[in-house]
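Data first, discussion second: the structure below is written as structure tokens.
There are 2 protein chains.
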Amino acid sequence: MSRTIDPYNALPKYNQLASILRQKIEDGEWLPRTSIPSERQLEVIYSISRTTIREAIDHLVRQGYLYREHGRGTFVSPQKLQKGLMELTSFSEDLLKRGIQPGQIIRSLNWVDAPAKIAQKLEIPTGTPLLRIERIRLGDNIPIGLQTSYLALSPEQAISESDMQGSGSLYRILQEKFNIIPSEADETLEVTLATPEEAVLLEIPEGAPLLLSERVLFAQNRKPVEYVKILYRGDRYQYFVRLTR
Amino acid sequence: MSRTIDPYNALPKYNQLASILRQKIEDGEWLPRTSIPSERQLEVIYSISRTTIREAIDHLVRQGYLYREHGRGTFVSPQKLQKGLMELTSFSEDLLKRGIQPGQIIRSLNWVDAPAKIAQKLEIPTGTPLLRIERIRLGDNIPIGLQTSYLALSPEQAISESDMQGSGSLYRILQEKFNIIPSEADETLEVTLATPEEAVLLEIPEGAPLLLSERVLFAQNRKPVEYVKILYRGDRYQYFVRLTR
DNA sequence: CTGGTCATGTGGTCACTACCAGTTAGATTA
DNA sequence: TAATCTAACTGGTAGTGACCACATGACCAG
């Protein structure tokens, strides 16, 4: 990561500056609760306008790296374990962050007609063809979740089992192959008990408590793209969120 | 809500404009997926600069009311049931939004010495006095959660049982009496089973599944203020989050 | 009919300028 | 000494002006 702003770089300047500042925080060059240079000082240091400085700082504030105090200065947030705040992460990204090796077993991958309940959530007519993917999610090779995804894709936009095999991250495939960028999701969490089939697949006793997550994923244009249902083993999974006002 | 910008109003203009635009969306004057006037048009309509217009729109985009498409325009998001996105809400606000009548029974309210585990989460020395509040939370008069809060307050900053009786919202008391504004929280969710005592209090069978939430609340200056543990009845509570990238 | 070009409208980025609103520390005053 | 004032910081709000990147539709050439 460079230490100066390159005006010929394709990246916008506020973006470059944000990276530089983030780096200084992550490297520990700037310690928690200490102030960073004032906006007017940064203006001189990096030879860019205050508008741009503020835009860079805005980003870092929203991401939880910095906080401002009117009249006093801008300060480094005390670092928490989780870097990004309430970020939308895929299952595999999520586990990697916790230092657990993600893995998966694909149980099936096929086209189905949208059931009424799911069609409603995806805001499409009942019966529209959807790509359904059933997977067992593994953490360090032990089952921790049972995941069923329904993707609203056009028939041309096929995803093969080998596509999935590679990265494992469905979100990366959506982004790279179809230019669908996951940008928002609504998620509910509740508690249920394992049915006999679920118990077998997750290698737990029947009736063991599970965390049930249902998520609807939206693309850039706020169109619903995916409906996912995940059953997590209660004894192996903890859900984390950072909430902001 | 006024329909024009008042330069003498104490509220900043971008704030006033955001309110006006939000109102038009909520009133249905601007329909989902339709475009709103361009930034240059709004400049003329409200006689304020594009800088300010963009700041107002930025807020609404982050709150999920609008989305932008480069080169095409700014559009109204399809409205979801929940208005604000991933907002930090108190228990009572949360229930009210769902149309459930919140209630509570205060089981105890007293000062205790911080146990090691909690002291660590609140980033204070073990043994520091903390205000502990134990409550049974009710929804439409049926128990749905068992809540234990530990508040890092100075001994002068007392909260009495009658304070709590009134609003019921601890967050409002913190804000109004002590100028502590809840601005961020880290929360984990997991599954457990009810112990005999918990079962009695929540009026459920022993061993019934519960949703266990642990939350650390931070104030404006990112200092930890409260540690809360809530046990939700699995059959009566569903947790909702909106995630953003 | 097809493909390219181009003008125009949109949001995105950036600089410069000005003034307002809290905070703080040092000078001043009672 | 203690309270007050003030100047010099800090971030917050706002206007103006410029140019870039992307989308779209009208037009034209093949």
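Residue numbers (our numbering), protein chains in the order written: chain A, 3 to 247; chain B, 3 to 247.
We put the beta carbon where it would ideally sit given N, CA and C, even for glycine.
In angstroms with no decimal places, state the Cα-to-Cα distance between residue i and residue j.
i	j	result
residue 35/B	residue 67/B	11 Å
residue 206/B	residue 13/A	57 Å
residue 243/B	residue 190/A	6 Å
residue 45/B	residue 69/B	19 Å
residue 149/B	residue 209/A	26 Å
residue 18/B	residue 229/A	37 Å
residue 217/A	residue 43/A	45 Å
residue 142/A	residue 51/B	55 Å
residue 7/B	residue 48/B	7 Å
residue 238/B	residue 33/A	44 Å
residue 39/A	residue 204/B	53 Å
residue 162/B	residue 30/A	42 Å
residue 175/A	residue 159/A	11 Å
residue 219/B	residue 194/B	22 Å
residue 153/A	residue 132/A	5 Å
residue 184/B	residue 27/A	24 Å
residue 171/B	residue 93/B	8 Å
residue 64/B	residue 202/B	43 Å
residue 123/B	residue 188/A	28 Å
residue 80/B	residue 101/B	22 Å
residue 119/B	residue 192/B	18 Å
residue 222/A	residue 104/A	27 Å
residue 25/B	residue 181/A	33 Å
residue 156/B	residue 245/B	35 Å
residue 95/A	residue 127/B	35 Å
residue 173/B	residue 72/A	23 Å
residue 98/A	residue 167/B	45 Å
residue 41/A	residue 41/B	27 Å
residue 165/A	residue 121/A	25 Å
residue 77/B	residue 11/B	28 Å
residue 197/A	residue 179/A	36 Å
residue 114/B	residue 114/A	58 Å
Could you have a look at residue i and say whether DSSP puts it in helix, strand or coil?
i	result
residue 226/B	strand
residue 197/A	coil
residue 158/B	coil
residue 42/A	helix
residue 58/B	helix
residue 212/A	strand
residue 10/B	coil
residue 232/B	strand
residue 163/A	helix
residue 18/A	helix
residue 173/B	helix
residue 191/B	strand
residue 205/A	coil
residue 98/A	helix
residue 31/B	coil
residue 103/A	coil
residue 240/B	coil
residue 108/A	strand
residue 5/B	coil
residue 24/A	helix
residue 76/B	strand
residue 36/A	coil
residue 67/B	coil
Under 6 Å Cβ to Cβ from residue i, same chain only, skipping five residues before and after it: list those, please.
i	result
residue 248/B	Outside the shown range of chain B, which is 3 to 247, sits residue 248/B, and nothing can be said about it.
residue 16/A	54, 57, 58
residue 110/B	136
residue 75/B	37
residue 61/B	20
residue 145/A	138, 204, 205
residue 231/A	150, 216
Enumerate in chain order the residues of its own chain whose CB-to-CB distance from residue i is below 7 Å, with the five nearest sequence positions on each side excluded.
i	result
residue 233/B	147, 148, 200, 212, 214
residue 240/A	none
residue 236/A	210, 211, 212, 213
residue 177/A	183
Leaving out five residues on either side along the sequence, give the residues of the same chain with a beta carbon under 8 Å from the beta carbon of residue i.
i	result
residue 186/B	90, 219, 220, 224
residue 112/B	133, 134
residue 83/B	For residue 83/B, the pLDDT reaches just 35, beneath the cut-off of 50, and the residue's location in the model is therefore unreliable, leaving the point undetermined.
residue 125/A	225, 226
residue 5/A	22
residue 107/B	137, 138, 140
- Message: In chain order, what are the residue ranges of uninterrupted alpha helix (DSSP H) at least 4 long that sit wholly in the segment 110-145 of chain B?
- Response: 118-124
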